[in-house]
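First up is the structure itself, then whatever we jot down about it.
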């Protein structure tokens with residue numbers, strides 16, 4: 317009987333950790349049918365069932381749990397050894413996976429990625445932009461990048477790009493003939509473009525001035541779940557939007573938007589790259605952080 321290959325074991329680990337053939341197949345870049353065939357072949361080689369499968373779920377058998385418990389640290393150590401061996405020759409290899417919001421990934425593409433790839437072209441960057449906050453360990457990412465307030469407290473967090481603000485913005489056409497709001501409460505007299513958070517809840521706009529904090533459940537005939545779409549809708553005169561400053565800046569420069577309540581929009585801790593504090597940091601991530609700091 318032939319022994320399992322490293323590919324077989326990595327396939328099992330991916331399915332076991334994600335408890336999903338679909339997510340594991342996406343992570344490994346293979347089809348679900350191919351991944352299912354690999355796992356069945358592995359079970360035949362080992363002579364034991366590793367997974368309970370139904371049409372809706374995947375769970376580990378007792379044998380699967382024991383294998384995963386021993387296999388996870390071994391594969392992690394092997395990946396680290398291979399990366400360190402290649403780095404000793406001055407060339408990093410492997411894949412670096414980072415998850416973040418669209419704005420965060422865009423910032424990396426503009427400021428960090430070109431310099432990193434020019435210096436370390438043997439590393440494959442896998443950058444995933446999504447609005448919802450995910451567990452980067454569970455989803456198989458090396459790092460995440462989010463606003464500081466969203467970073468889990470047990471993570472190492474490194475600032476990226478300094479502080480930032482959320483701005484209330486509207487088009488000059490929308491504001492023409494309307495009273496300019498001077499306090500957050502006066503937003504209730506306006507048409508606002510509301511935001512739905514990834515959790516499904518509507519975002520209450522948060523303002524602060526001289527230590528006074530105000531959260532407003534603004535009125536509006538439209539709700540969006542994308543900051544980019546919100547700023548575009550505001551530029552089209554559909555109402556007032558409350559968006560991260562980087563999204564609004566191009567429109568402010570071109571006078572397509574103006575700010576309102578700017579004094580009520582203080583700076584907050586901006587984007588941070590973060591990673592688990594209880595794991596060995598891969599050489600490729602250390603190199604990425606070095607370039608980011610530069």
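Residue numbers (my numbering): 317 to 610.
Cβ atoms here follow ideal geometry from the backbone N, Cα and C, with glycine treated the same way.
Note that this is a predicted model, so its numbers are computed, not measured.
Through-space distance from residue 596 to residue 481, alpha-carbon basis:
33 Å
What alpha helix (DSSP H) runs, 4 residues minimum, are completely inside the region 400-481?
418-427, 429-435
Quick check: residue 320 and residue 367, are their CB atoms within less than 9 Å of each other?
no
Continuous beta strand (DSSP E) stretch holding residue 539: start and end:
538-540
According to DSSP, is residue 544 helix, strand or coil?
helix
Let's see if you can read the secondary structure: which residues bound the alpha helix (DSSP H) around residue 335?
No alpha helix (DSSP H) contains residue 335, which DSSP labels as neither H nor E.
Alpha carbon of residue 436 to alpha carbon of residue 610, nearest angstrom:
15 Å
On the premise that residue 555 lies in contact with residue 506, defined as a C-beta separation below 8 Å, what is that separation, rounded to the nearest angstrom?
7 Å
Nonlocal neighbours in the same chain, by C-beta distance under 6 Å from residue 442, ignoring five residues either side
411, 413
Nearest to residue 302 by CA position, among 499, 444, 424, 449, is which residue?
Residue numbering for the chain in the displayed model covers 317 to 610; residue 302 lies beyond these limits and cannot be assessed.
Give the single residue among 573, 526, 528 whose Cα lies nearest to the Cα of residue 492.
573
Please report the distance separating the alpha-carbon of residue 452 from that of residue 332.
16 Å
Alpha carbon to alpha carbon, what distance is there between residue 468 and residue 359?
37 Å
By how many angstroms is the C-alpha of residue 365 removed from the C-alpha of residue 429?
43 Å
Mapping the DSSP letters down to three states, classify residue 356 as helix, strand or coil.
helix
From what residue to what residue does the alpha helix (DSSP H) around residue 569 run?
561-569
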